[in-house]
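Here is the structure we will look at, set down as C-alpha coordinates.
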Amino acid sequence: MSTPGHSLCPKGLNGCRGNSVPKHFYTVDMPEKRAARLHPDERRAQLVAIGVDMLVECSLDELSTDAVARRAGISRGLLFHYFDSKRDFYRSVVRRECDDFAAATEPDPSLDPVRWMRAFIAGFVAYVTGRRKVYRALVRGASGSHPAAGDIVEATRATLAARVIEGQRRLGLPQSPRLALATRAWLAFAEEAVTSWPLEEPGALDELRAFLESGFVRLLCDLDRPATLSG
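The sequence shown begins at 1 in this note's numbering and counts up one residue at a time.
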(Lines of atoms letter the chains of each structure in order from A and count residues from 1; the text may use other names and numbers.)
(Lines give C-alpha, C1' and ligand atoms only; values in the text may rest on other atoms or scores of the structure.)
Protein backbone atom coordinates (compact mmCIF):
# COMPACT_ATOMS: atom_id res chain seq x y z
CA MET A 1 0.00 0.00 0.00
CA SER A 2 -1.50 6.37 -4.71
CA THR A 3 -1.86 12.60 -4.58
CA PRO A 4 -1.96 10.94 -3.62
CA GLY A 5 -11.72 19.83 -2.10
CA HIS A 6 -13.98 19.16 -5.06
CA SER A 7 -16.16 22.03 -6.16
CA LEU A 8 -19.57 21.31 -7.59
CA CYS A 9 -21.27 22.38 -10.82
CA PRO A 10 -23.71 20.63 -13.18
CA LYS A 11 -22.42 17.85 -15.36
CA GLY A 12 -21.17 19.24 -18.63
CA LEU A 13 -18.39 18.96 -21.12
CA ASN A 14 -15.84 18.52 -18.37
CA GLY A 15 -17.60 15.49 -16.95
CA CYS A 16 -17.25 16.67 -13.35
CA ARG A 17 -19.44 18.76 -11.14
CA GLY A 18 -16.47 21.05 -10.73
CA ASN A 19 -14.41 23.71 -12.45
CA SER A 20 -13.09 23.21 -15.95
CA VAL A 21 -10.46 20.52 -16.31
CA PRO A 22 -7.20 21.28 -18.14
CA LYS A 23 -7.14 19.60 -21.51
CA HIS A 24 -5.66 16.14 -21.44
CA PHE A 25 -3.52 15.15 -24.37
CA TYR A 26 -6.39 12.86 -25.40
CA THR A 27 -8.90 15.73 -25.44
CA VAL A 28 -10.53 16.64 -28.73
CA ASP A 29 -11.52 20.23 -29.49
CA MET A 30 -14.69 19.34 -31.36
CA PRO A 31 -16.95 16.61 -29.96
CA GLU A 32 -18.11 15.61 -33.41
CA LYS A 33 -14.56 15.01 -34.64
CA ARG A 34 -14.02 11.34 -35.39
CA ALA A 35 -11.36 9.70 -33.23
CA ALA A 36 -8.36 8.01 -34.76
CA ARG A 37 -8.69 4.26 -34.98
CA LEU A 38 -6.86 2.53 -32.13
CA HIS A 39 -6.19 -1.07 -31.19
CA PRO A 40 -8.76 -2.14 -28.55
CA ASP A 41 -6.10 -2.32 -25.82
CA GLU A 42 -4.87 1.16 -26.74
CA ARG A 43 -8.41 2.56 -26.72
CA ARG A 44 -9.15 0.98 -23.37
CA ALA A 45 -5.92 2.39 -21.90
CA GLN A 46 -6.76 5.81 -23.38
CA LEU A 47 -10.22 5.86 -21.79
CA VAL A 48 -8.85 4.82 -18.40
CA ALA A 49 -6.15 7.52 -18.60
CA ILE A 50 -8.78 10.15 -19.39
CA GLY A 51 -10.85 8.97 -16.44
CA VAL A 52 -7.90 9.25 -14.07
CA ASP A 53 -6.98 12.66 -15.46
CA MET A 54 -10.50 14.02 -14.93
CA LEU A 55 -10.43 13.02 -11.26
CA VAL A 56 -8.23 16.04 -10.59
CA GLU A 57 -11.50 17.98 -10.35
CA CYS A 58 -14.17 15.48 -9.32
CA SER A 59 -14.83 12.38 -7.28
CA LEU A 60 -15.33 8.93 -8.74
CA ASP A 61 -19.09 9.24 -8.23
CA GLU A 62 -19.11 12.48 -10.22
CA LEU A 63 -17.08 11.13 -13.14
CA SER A 64 -19.20 11.16 -16.31
CA THR A 65 -18.73 8.41 -18.88
CA ASP A 66 -20.40 10.73 -21.42
CA ALA A 67 -17.63 13.27 -20.92
CA VAL A 68 -14.91 10.62 -20.98
CA ALA A 69 -16.20 9.38 -24.34
CA ARG A 70 -16.45 12.95 -25.63
CA ARG A 71 -12.84 13.66 -24.69
CA ALA A 72 -11.77 10.52 -26.53
CA GLY A 73 -13.81 11.54 -29.58
CA ILE A 74 -16.04 8.46 -29.47
CA SER A 75 -19.66 7.80 -28.61
CA ARG A 76 -20.75 6.76 -25.13
CA GLY A 77 -22.05 3.52 -26.62
CA LEU A 78 -18.61 2.73 -28.02
CA LEU A 79 -17.07 3.25 -24.58
CA PHE A 80 -19.18 0.34 -23.37
CA HIS A 81 -17.74 -1.77 -26.16
CA TYR A 82 -14.51 -1.69 -24.14
CA PHE A 83 -16.06 -1.91 -20.66
CA ASP A 84 -18.94 -4.12 -19.57
CA SER A 85 -20.57 -1.39 -17.48
CA LYS A 86 -19.97 1.92 -15.74
CA ARG A 87 -18.90 -0.08 -12.69
CA ASP A 88 -16.33 -1.94 -14.80
CA PHE A 89 -14.99 1.37 -16.10
CA TYR A 90 -14.77 2.85 -12.61
CA ARG A 91 -12.93 -0.23 -11.35
CA SER A 92 -10.47 0.01 -14.23
CA VAL A 93 -9.76 3.66 -13.40
CA VAL A 94 -9.15 2.86 -9.73
CA ARG A 95 -7.04 -0.18 -10.55
CA ARG A 96 -4.81 1.83 -12.89
CA GLU A 97 -4.16 4.46 -10.25
CA CYS A 98 -3.62 1.91 -7.49
CA ASP A 99 -1.24 -0.14 -9.66
CA ASP A 100 0.79 2.98 -10.41
CA PHE A 101 0.88 3.86 -6.70
CA ALA A 102 2.03 0.37 -5.74
CA ALA A 103 4.76 0.43 -8.41
CA ALA A 104 5.99 3.84 -7.26
CA THR A 105 6.47 2.58 -3.69
CA GLU A 106 8.31 -0.65 -4.55
CA PRO A 107 11.99 -0.28 -3.59
CA ASP A 108 14.92 -1.90 -5.36
CA PRO A 109 15.37 -5.24 -3.54
CA SER A 110 19.17 -4.95 -3.77
CA LEU A 111 19.25 -1.92 -1.45
CA ASP A 112 20.55 -2.25 2.09
CA PRO A 113 17.84 -2.20 4.80
CA VAL A 114 17.98 1.51 5.67
CA ARG A 115 18.10 2.64 2.04
CA TRP A 116 15.29 0.20 1.21
CA MET A 117 12.99 1.70 3.84
CA ARG A 118 13.90 5.24 2.86
CA ALA A 119 13.20 4.43 -0.79
CA PHE A 120 9.74 3.16 0.18
CA ILE A 121 9.00 6.35 2.13
CA ALA A 122 10.40 8.56 -0.66
CA GLY A 123 8.26 6.79 -3.25
CA PHE A 124 5.17 7.19 -1.08
CA VAL A 125 5.83 10.91 -0.59
CA ALA A 126 6.71 11.63 -4.22
CA TYR A 127 3.68 9.87 -5.65
CA VAL A 128 1.03 11.25 -3.33
CA THR A 129 2.31 14.84 -3.16
CA GLY A 130 2.44 14.88 -6.96
CA ARG A 131 -1.15 13.64 -7.30
CA ARG A 132 -2.93 14.79 -4.17
CA LYS A 133 -6.32 15.48 -5.74
CA VAL A 134 -6.45 12.18 -7.58
CA TYR A 135 -5.22 10.33 -4.48
CA ARG A 136 -7.94 11.89 -2.36
CA ALA A 137 -10.58 11.09 -4.98
CA LEU A 138 -9.53 7.48 -5.40
CA VAL A 139 -7.38 5.95 -2.69
CA ARG A 140 -8.88 7.92 0.20
CA GLY A 141 -12.37 8.35 -1.19
CA ALA A 142 -13.19 5.23 -3.17
CA SER A 143 -13.33 2.72 -0.33
CA GLY A 144 -15.79 4.84 1.62
CA SER A 145 -17.83 6.46 -1.15
CA HIS A 146 -17.85 3.95 -3.98
CA PRO A 147 -18.35 0.25 -3.21
CA ALA A 148 -17.30 -0.70 -6.74
CA ALA A 149 -13.70 0.15 -5.92
CA GLY A 150 -13.29 -0.57 -2.21
CA ASP A 151 -11.69 -3.99 -2.62
CA ILE A 152 -9.06 -2.63 -5.03
CA VAL A 153 -8.12 0.15 -2.62
CA GLU A 154 -7.92 -2.24 0.32
CA ALA A 155 -5.73 -4.63 -1.68
CA THR A 156 -3.37 -1.73 -2.39
CA ARG A 157 -3.25 -0.84 1.29
CA ALA A 158 -2.45 -4.48 2.06
CA THR A 159 0.45 -4.30 -0.41
CA LEU A 160 1.78 -1.18 1.32
CA ALA A 161 1.37 -2.80 4.74
CA ALA A 162 3.35 -5.82 3.56
CA ARG A 163 6.16 -3.47 2.52
CA VAL A 164 6.20 -1.79 5.91
CA ILE A 165 6.47 -5.20 7.57
CA GLU A 166 9.19 -6.19 5.10
CA GLY A 167 11.09 -3.01 5.97
CA GLN A 168 10.82 -3.81 9.66
CA ARG A 169 12.13 -7.33 8.99
CA ARG A 170 15.02 -6.08 6.83
CA LEU A 171 16.07 -3.74 9.61
CA GLY A 172 16.33 -6.71 11.95
CA LEU A 173 13.74 -5.38 14.35
CA PRO A 174 12.06 -7.82 16.73
CA GLN A 175 8.76 -9.32 15.65
CA SER A 176 5.70 -8.72 17.78
CA PRO A 177 2.01 -9.63 17.89
CA ARG A 178 1.43 -5.88 17.72
CA LEU A 179 3.24 -5.51 14.38
CA ALA A 180 0.17 -5.71 12.13
CA LEU A 181 -1.70 -3.16 14.27
CA ALA A 182 1.30 -0.82 14.39
CA THR A 183 1.73 -1.12 10.63
CA ARG A 184 -1.86 -0.05 9.95
CA ALA A 185 -1.44 2.81 12.43
CA TRP A 186 1.73 4.03 10.70
CA LEU A 187 0.07 3.87 7.27
CA ALA A 188 -2.90 5.91 8.50
CA PHE A 189 -0.46 8.42 10.02
CA ALA A 190 1.60 8.55 6.80
CA GLU A 191 -1.47 8.97 4.59
CA GLU A 192 -2.76 11.89 6.64
CA ALA A 193 0.67 13.53 6.77
CA VAL A 194 1.36 13.21 3.04
CA THR A 195 -2.05 14.56 2.00
CA SER A 196 -1.98 17.48 4.46
CA TRP A 197 1.67 18.52 4.81
CA PRO A 198 2.30 22.14 3.69
CA LEU A 199 4.61 22.05 0.68
CA GLU A 200 5.20 25.75 0.05
CA GLU A 201 8.38 26.14 2.13
CA PRO A 202 11.83 25.15 0.80
CA GLY A 203 12.83 21.73 2.05
CA ALA A 204 9.24 20.72 2.81
CA LEU A 205 9.56 17.32 1.14
CA ASP A 206 12.79 16.54 3.01
CA GLU A 207 11.08 17.44 6.28
CA LEU A 208 8.07 15.29 5.41
CA ARG A 209 10.23 12.27 4.61
CA ALA A 210 12.15 12.71 7.86
CA PHE A 211 8.87 13.06 9.78
CA LEU A 212 7.57 9.78 8.37
CA GLU A 213 10.86 8.01 9.04
CA SER A 214 10.83 9.24 12.63
CA GLY A 215 7.27 8.00 13.03
CA PHE A 216 8.27 4.61 11.64
CA VAL A 217 11.17 4.30 14.08
CA ARG A 218 9.13 5.33 17.10
CA LEU A 219 6.10 3.22 16.28
CA LEU A 220 7.65 0.06 14.87
CA CYS A 221 11.09 -0.31 16.42
CA ASP A 222 10.20 -1.12 20.02
CA LEU A 223 6.74 -2.61 19.99
CA ASP A 224 7.08 -4.67 23.16
CA ARG A 225 8.77 -1.96 25.23
CA PRO A 226 6.85 1.21 24.36
CA ALA A 227 8.25 4.47 25.66
CA THR A 228 6.26 6.32 28.29
CA LEU A 229 6.22 9.88 29.54
CA SER A 230 8.35 10.49 32.61
CA GLY A 231 6.90 11.96 35.77
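By construction, the Cβ of each residue, glycine as well, lies at the ideal position given by its N, Cα and C atoms.
* Check whether the Cβ atoms of I121 and L179 lie closer than 7 Å to each other. => At least 7 Å separates the beta-carbon of I121 from that of L179.
* Do the segment 56-73 and the segment 144-158 make contact, defined as three or more Cβ pairs closer than 8 Å? -> Yes, the segment 56-73 is in contact with the segment 144-158.
* To do: Using beta-carbon positions only, say whether A104 and Y90 come within less than 7 Å of one another.
  => Taking 7 Å as the Cβ cut-off, A104 and Y90 do not qualify as a contacting pair.
* With 16 other CB atoms within 10 Å as the buried threshold, where does V56 fall? -> Buried, by the Cβ-count rule.
* Helix, strand or coil for I121, going by three-state DSSP, please let me know. => Helix at I121.
* Buried or exposed (CB count within 10 angstroms, at least 16 for buried), D84 -> Its Cβ having fewer than 16 others within 10 Å, D84 is exposed.
* **Three-way DSSP call (helix, strand, coil) for S176 in this model** => Reduced to three states, the DSSP call for S176 is coil.
* Between the segment 67-74 and the segment 43-56, are three or more C-beta pairs nearer than 8 Å? -> Between the segment 67-74 and the segment 43-56 there are three or more inter-stretch CB-CB distances shorter than 8 Å, so the stretches are counted as touching.
* Closer than 6 Å by C-beta to L208: which residues in its own chain qualify, once you throw out the five before and the five after it? Chain order, please. => Contacts found: V125 and W197.
* **N-terminal and C-terminal residue of the alpha helix (DSSP H) that H81 is part of** => H81 -> alpha helix (DSSP H) spans R76 to Y82.
* 7 Å CB neighbourhood of G167 in its chain, flanking five on each side removed -> So the list reads W116, M117 and F120, once near-sequence residues are dropped.
* Any chance the segment 92-99 sits against the segment 189-205, with 3 or more Cβ pairs inside 8 Å? -> Taking 8 Å as the limit for Cβ pairs, the verdict is that the segment 189-205 does not touch the segment 92-99.
* Mind checking which residues open and close the alpha helix (DSSP H) that includes G51? => G51 -> alpha helix (DSSP H) spans P40 to M54.
* Asked: Taking buried to mean at least 16 other C-beta atoms within 10 Å of its own C-beta, is L79 buried or exposed?
  -> When all chains shown are included, L79 counts as buried.
* Between which two residues does the alpha helix (DSSP H) harbouring R70 extend? -> Per DSSP, R70 belongs to the alpha helix (DSSP H) from T65 to A72.
* Please classify E57: does DSSP put it in a helix, a strand, or coil? => In this structure, E57 counts as coil in the three-state DSSP scheme.
* To do: Determine the closest residue to V134 out of T195, R184, P107 and T183, with distance taken between C-alpha atoms.
  => Closest option to V134, Cα to Cα, is T195.
* Start-to-end residues for the alpha helix (DSSP H) that takes in E154 -> Annotation for E154: the continuous alpha helix (DSSP H) segment containing it runs G150 to R170.
* Compare the Cα-Cα distances from W186 to each of L160, L111 and G130 and report the closest residue. => Among L160, L111 and G130, the Cα nearest to that of W186 belongs to L160.
* Can you tell me the Cβ-Cβ gap for A182 and L220, rounded? I've got them flagged as a contact below 8 Å. => That pair is a contact at about 5 Å.
* Endpoints, alpha helix (DSSP H) assigned at E207 -> Residues A204 to L220.
* **Through-space distance from T156 to P177, alpha-carbon basis** => If you take the alpha carbons of P177 and T156, they lie about 22 Å apart.
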